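A short worksheet on the structure shown next.
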Amino acid sequence: MSLENAPEEIQLAVDLIMLLEEHEIAPQTVLAALEIVKRDFEKKLENG
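The sequence shown begins at 529 in the numbering used here and counts up by one.
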């Protein structure tokens, strides 16, 4: 399966991985930031 035919969340994940790797951000920093992003979007889902 090519990336262009992959589900949207896979495409987004690949884009994010590439962006983070290109900027050489430390894995610990990435994971901490992703936790913040996850909490933010979970709140958005709860609030509609």
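Every residue gets a Cβ at the ideal spot worked out from N, C-alpha and C, and that includes glycine.
The structure presented is a predicted model; accordingly, all values stated were derived computationally and were not measured.
Quick check: what's the CA-CA separation for residue i versus residue j?
i      : j      : result
GLU574 : VAL565 : 14 Å
ASP543 : ASP568 : 20 Å
LEU548 : GLU537 : 16 Å
GLU587 : GLU563 : The structure shown does not extend to residue 587, since the chain is modelled only from 529 to 576, so the question has no answer here.
GLU552 : LEU531 : 23 Å
GLN539 : GLU550 : 17 Å
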